[in-house]
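Shown next, in structure tokens, is the structure this report addresses.
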Amino acid sequence: MSPKSPSLLQGTLDLIVLQLLKAEPTNGYDLAQRIETISHDALSINAGSLYPALYRLEARDLIRANWEESKTGRQVKVYSVTAAGRKELLAQRDEWAKFAGALSAILKTT
Amino acid sequence: MSVIGQARTWLRSVVLRRRIEREMHEEMAAHIEQAAQRYEARGMNTREAQEAARREFGNVAVIQEQSRDSRGARWIEQTASDLRYAVRYFARTPLTTLTIVLTLTLGVGVNSAAYSLWQGVNSRPPRGVPDDSRLVAIRGKQSSVVNGSVSTSQRPLSARELTAYHNNDAFSDAAGWIAREVTLDSASESGSIQTALATFVTPNFFTTVGVPLAAGAGFIDRRFSTSGTAAEMSAVISNAFANRTYGSPQNAIGKRFKVNEQLLTVVGVTSPEFSGVPSRNYDTMLWIPVSAFRLIEPREASYATSDSGYFYAAARLAEGFAPQRATVVVDRIARQFNSRYATWDDYKNDGADVVRMRGQYGTLSRSQQAENLYGTLALGALDLVILLVCTTTVSSLLVGAAVSRRHEIGVRLALGASRARIVRQLMTESVLLALIGGAGGLAVFVVVSRTFAERYLDLDLSPSWSTIAFTSAIAMLTACMFGVSPALHATRAGLSSTLKESGSNVTSRSRLQRLFVTAQIALAQPLLVCLGMFSILILNEFSRNQTDRELEDQLIVANFNTWVSRENADGANSLGQIKSRLAALPEVVGVAFNSQGTRTTPIELTSDAHPSEIARAQGVEIQSRSVAADYFEMMGVSVVTGKIPADLNVPVQIRRSGLVTVMSPPRSERRPITVSTSFARAVFAEQNPLGRTFCINRCRSEATTYEIVAIVADHSGSDREAPDHAALQVYPPMLNAAMSSSLLIRTRGDAAPFIPRLARFTRAVAPRIPIVSISTVGETNRAGRQKTQTIAGAATGGGVITLLLGCVGLYAVVALAVGQRRREVGIRIAMGAMPAQVVMLFFKSGLRLSLTGMAIGLPLSAVLLRVLGTQAGFPATNTPVLIASIGVIVTAVAAIATWLPARRAAGVDPLVALRAE
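So this is what it looks like as structure tokens:
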């Protein structure tokens, strides 16, 4: 994970990957690009964090991979979310919402 | 993730390892290529774009490693690669690997055997009996006070007591048996007569114990009865007996043979595995309905109506009864019976208990329990010693191997492998070796137990799952014991010195190996001493000349059951009649009443002897055996001086109750004795020994004093088992020769063909005196010698293997030292040292190691020899010679094992050795 500001909170990478892959199945490179674009360059995920996360999620059956042809004609590994991954995503989103709510409540205190 | 999901991931990572790796490479290459295309689109040239893309991606190898880790089955891949590495290493060093595997095979095999033996004795049912938790033994108990301490032993049950158990609700069934030695005449071989162990059983015996018959329908009436109204003259015979005598079990059914002169019909044959309950060291050959007992053993006919203890019992627990609960029931019942056996003399009925039926049946007495405990401990200790010897050998080899791999390990450490990773690699090798050795040990044990052990022991030794689990555990334990410390040592080195092979750290690393080798040599010696002791005993045995061998083949020992004749006036002195009728036969040279057994003891001269004689007598051990007056003439032993004393008719008090007969002659009187020439010379030197007196063992107030009245020429005593040549012979006269139940018969030629005729003859002369056993002395002695040879063979094998293992270790230590100190040797030679001096340097250090081992091992050997030697009849005077000889042998072999690798030091080329710097 890049030290670029703001730093990614521990454990949120899995949530980000699951959310984006649910929106659209894609390969590792495009996924990294989309994180940067969507976060307006605020988040940058390097390969050293991304690929271990992808393999970990694949080993846990939360995402699956298929080899497909890219726009440039190259074979790329495209990841998509499994049913178990969707369930996990919902659970993680709930967790995150609770955490964010709690944090903003704290930050509103004067 | 679920367990199944985890397992699937592990399986996938093993099976699809290559594909997964390839895909990972391709995926990352595609990532970099896409990034490069992006940079190119921004205006960079191809080369710059690719470089920028690679920079952005990061270290591909590191990311791949992290990705592998995150897949979750990394350890499988690493283990697989460790195993591949280990196999490659073993292939490079086949000799070391083979030595290690064979050593482990030995260690694990011995331990499996010991475990199975323990299991066969303590936790398995007797051979051929199905393992059933409901099958139990009911054991009567009795206690007596001996020398102030209470001793508990097993009490046979009376018929009434057994019936009470059978009728109790705690058991669904109960059976009893009486074991007796009987004479068996199978009539298939003309005149063949043999002694057999027969078990008189209640007719429900086989159904209670749950042993199926291999052939035949079994007894006609199978209801429980301790006597029966009519005698059923039938028998179930053992499978071995059926095959031996009738060719096959089926063929045996309906055949008839005589037991103690009573005709029985074969109605069943047991399965090949079953050899009786309880297990014994000899096979039960016959199971006869107890109703026939009164006809076959008429002297004990009154048992059924008495309360005497005769029966041993097995039972099946009823539903809802555990052995503990049943014990409460039987103990209460047992105390209501005041069986005669239990109340005789000092014995007190001490109730009864119920235990699961196991290979070893009935070990109640404290002394037996102690003996078992000692036996188990001795077995365990022996095991431990062997395992330690094996482990230390393997360990010293591995330390050597690990140290010689310092450079390779150094390179791996330098390339970034962690110390834990290297230790794991070395441990994987150890575990793999242990598993191969363990499998080998198990295989050897299975073969040995099938081939030999079950032939000699009536125990179920077949390997079970628990044997395999135990073997694996031992193998793993051994792996940890021999693998951990070399692995830790090998990886502790300073990297630079390791890579330079500068030779520092040598001392610390080889210290461990030296310790192992010293321990090994120390442990090898006690085993070698055992070997030496048995070898000397065998040599003594074989040193007997051919005449003796001829003589022992001319002698027959016939044992009779003389109780009938004693209890009936018409049969009085029947053995005397047999003796005189036999002596008149043309084939017979002579017949003498025979006494069983000899004993080896010290002697003490009476106080009137000269001090020098008393001193000489102190070191003397005699072998004493009472003989009848006509013994010497029959054996052709000449009388040197004096007159052979006649047999003594000392009034003997005979007490008999249940199974025990006690004959006690009065003591404290002076009796005449015959001694051998060498005894006379050893104690009295040139003095005339006639009329001199001594006591066998010690002269205490109640001891009998013997007065020498005759001296006979030395004779080797070929009529006895395992004679001891070092002992000096004395011959007290036989007391009450007419009460003897054994005859010693000398024939003119070979005695073996005469045996059937002798059996027929005695049966014709005295039909009421059955022969219990009959055999030539040669036959008995040969069996004894064979047993001694087997034990000696095993000891020899063990000793030689241990010595070899010790030497392998020693060789490894010196070879390692030479290898490690090549640079130092190179400098010494460059400085002008002579090759011989360098060789001596290593030779001395190796020898010092073996001498240290010997210094520890020799006292151990002396203790062992003292303990074992007394039991095996090993003369104490030979002890120092034996220990010294073993010391010389160990030193010589150790010197060779040291010299061979030390010579290599002389061949070190200083240029090559120093170039490493």
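Protein chains in written order, with the working numbering: chain A, 4 to 113; chain B, 48 to 964.
Glycine is no exception: its CB is placed at the ideal position from the N, C-alpha and C atoms.
Check: Show which residues of chain B have a CB atom less than 8 Å away from the CB atom of residue 55 of chain A.; Outcome: 110, 113, 114, 116, 117
Check: Quick one, which residues of the stretch 78-112 of chain B are near chain A if we go by CB-CB under 9 Å, in chain order?; Outcome: 78, 79, 80, 81, 82, 84, 85, 103, 104, 105, 106, 107, 109, 110, 111
Check: For residue 512 of chain B, does the count of other Cβ atoms within 10 angstroms reach 16, so buried, or fall short, so exposed?; Outcome: exposed
Check: Residue 363 of chain B bridges to which residues according to DSSP?; Outcome: B:182, B:220
Check: Could you tell me the alpha carbon to alpha carbon distance between residue 305 of chain B and residue 821 of chain B, rounded to whole angstroms?; Outcome: 16 Å
Check: With a cut-off of 9 Å, does the C-beta of residue 61 of chain B fall near any C-beta of chain A?; Outcome: no
Check: By the DSSP assignment, the beta strand (DSSP E) with residue 396 of chain B in it spans what residues?; Outcome: 395-403
Check: So, with DSSP's three-state summary, where would you put residue 91 of chain B?; Outcome: coil
Check: Determine which residues of the stretch 462-473 of chain B have a Cβ less than 8 Å from any Cβ of chain A, and write them out in chain order.; Outcome: none
Check: Pairing CB atoms from the stretch 213-224 of chain B with CB atoms from the stretch 356-371 of chain B, are three or more of them under 8 Å?; Outcome: yes
Check: Taking DSSP's pairing of strands, which residues face residue 334 of chain B in a bridge?; Outcome: B:246, B:283
Check: In whole angstroms, give me the CA-to-CA distance for residue 381 of chain B and residue 184 of chain B.; Outcome: 14 Å
Check: Excluding sequence positions up to five away, which residues of its chain have a Cβ less than 7 Å from the Cβ of residue 99 of chain A?; Outcome: 18
Check: Which stretch, first to last residue, makes up the beta strand (DSSP E) that contains residue 82 of chain A?; Outcome: 78-84
Check: Count the C-beta pairs between the stretch 147-167 of chain B and the stretch 487-498 of chain B that are closer than 8 Å, then say yes if the count reaches three, no if not.; Outcome: yes
Check: For residue 575 of chain B, I'd like the list of residues in its chain whose CB is within less than 8 Å of its CB, leaving aside the five on either flank, ordered along the chain.; Outcome: 846, 849, 850, 908, 933, 936, 937
Check: Which residues in chain A have a C-beta closer than 9 Å to the C-beta of residue 52 of chain B? List them in chain order.; Outcome: 62, 63, 64
Check: For a cutoff of 9 Å on Cβ pairs, would you count residue 83 of chain A as touching chain B?; Outcome: no
Check: Return yes when the Cβ of residue 272 of chain B is within less than 9 Å of the Cβ of residue 322 of chain B, no when it is not.; Outcome: no
Check: Opposite residue 686 of chain B in the DSSP bridges: which residues?; Outcome: B:759
Check: Would you tell me roughly how many angstroms separate the C-alpha atoms of residue 580 of chain B and residue 571 of chain B, rounded to the nearest one?; Outcome: 14 Å
Check: Please list, in chain order, all residues of the same chain as residue 563 of chain B whose beta carbon is under 6 Å from its beta carbon, the five residues on each side excluded.; Outcome: 439, 442, 443
Check: Note down the Cα distance separating residue 145 of chain B from residue 939 of chain B, rounded to an integer number of angstroms.; Outcome: 25 Å
Check: Rounded C-beta distance between residue 263 of chain B and residue 315 of chain B? I'm assuming under 8 Å.; Outcome: 3 Å
Check: Can you name, in chain order, every residue of its own chain whose Cβ lies under 6 Å from the Cβ of residue 119 of chain B, other than the five neighbours on each side?; Outcome: 56
Check: Going by beta carbon distance, what residues of the same chain come within less than 7 Å of residue 890 of chain B, once the five residues before and after it are set aside?; Outcome: 945, 946, 949
Check: Decide yes or no for the touch test of the stretch 75-82 of chain B against the stretch 96-111 of chain B: beta carbon pairs closer than 8 Å, at least 3 of them.; Outcome: yes
Check: By the DSSP assignment, the alpha helix (DSSP H) with residue 212 of chain B in it spans what residues?; Outcome: 206-214
Check: Taking Cβ-Cβ distances shorter than 7 Å, what residues in chain A pair up with residue 74 of chain B?; Outcome: 31, 80
Check: Under 9 Å Cβ-Cβ, which residues of chain A neighbour residue 70 of chain B?; Outcome: 68, 70, 80
Check: Run through DSSP, which three-state label would residue 116 of chain B get?; Outcome: helix
Check: Measuring CA to CA, which of A:76, A:66, A:53 is closest to residue 89 of chain A?; Outcome: A:66
Check: Are the CB atoms of residue 721 of chain B and residue 691 of chain B nearer to each other than 9 Å?; Outcome: yes
Check: Examine chain B for any beta-carbon lying closer than 9 Å to the beta-carbon of residue 40 of chain A, and answer yes or no.; Outcome: no
Check: Rounded to whole angstroms, what's the CA-CA distance from residue 154 of chain B to residue 903 of chain B? Just pull it up for me.; Outcome: 22 Å
Check: Using the beta-carbon of each residue, which ones in chain A are nearer than 9 Å to residue 56 of chain B?; Outcome: 62, 63, 64
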